[in-house]
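Undergrad: Residue numbers (the working numbering): 318 to 389. We put the CB at the ideal spot given by N, CA and C, even for glycine. Questions regarding the structure given below will be posed in turn.
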Amino acid sequence: MIRERAYPVDPWHIRETRLDLDLLAQSESVFALSNGHIGIRGNLDEGEPHGLPGTYLNSFYELRPLPYAEAG
C-alpha cells in the first residue's frame with residue numbers, strides 16, 4: 318500500500334495532487350490502463366521524465382538471443 322500524500326483517499330477517483338518525481342514509477346503503475354489484451358503505463362504526455370515507459374500486449378513476446386557476460 319502506498320502511504321503518500323500525493324494520493325488522497327477517495328472511493329471513486331484516483332487523483333494525483335502533485336507531481337513527485339521520487340514516486341514517478343509508482344504513479345505510472347497506479348495510472349496504468351489495461352483491458353486484458355493491451356496495457357499502457359501512465360507516463361507523462363511529454364515523455365520525459367519517466368520511470369519505466371511501456372505498452373504491453375497479452376500473449377505477445379519477442380525472442381532474442383541474450384548475451385551473458387559469464388559465457389566468456
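(1) Checking 8 Å against the spacing of the C-beta atoms, do Gly371 and Leu341 come in under that value?
(2) Run through DSSP, which three-state label would Leu361 get?
(3) Return yes when the Cβ of Gly359 is within less than 8 Å of the Cβ of Val347, no when it is not.
(4) Is it right to say Glu387 is buried, meaning 16 or more other beta carbons lie within 10 angstroms of its own, or is it exposed?
(5) Taking the alpha-carbon positions, what's the Asp337 to Pro328 distance?
TA: Let me lay it out:
(1) Position 54 of the sequence shown holds residue 371. Position 24 of the sequence shown holds residue 341. With contacts defined as CB atoms closer than 8 Å, Gly371 and Leu341 fail to qualify as a contacting pair.
(2) As a position in the sequence shown, residue 361 is number 44, starting the count at 1. DSSP places Leu361 in coil when its eight states are reduced to three.
(3) As a first step, residue 347 is located in the sequence shown; it is residue number 30 there, counting from the start. As a first step, residue 359 is located in the sequence shown; it is residue number 42 there, counting from the start. In this structure, Val347 lies near Gly359, with their beta-carbon atoms less than 8 Å apart.
(4) If you number the sequence shown from 1, residue 387 lands on position 70. Classification of Glu387: exposed, given that the 10 Å Cβ count is below 16.
(5) Here the question's residue 337 lines up with position 20 in the sequence shown. Here the question's residue 328 lines up with position 11 in the sequence shown. So the alpha carbons of these two residues sit roughly 22 Å apart.
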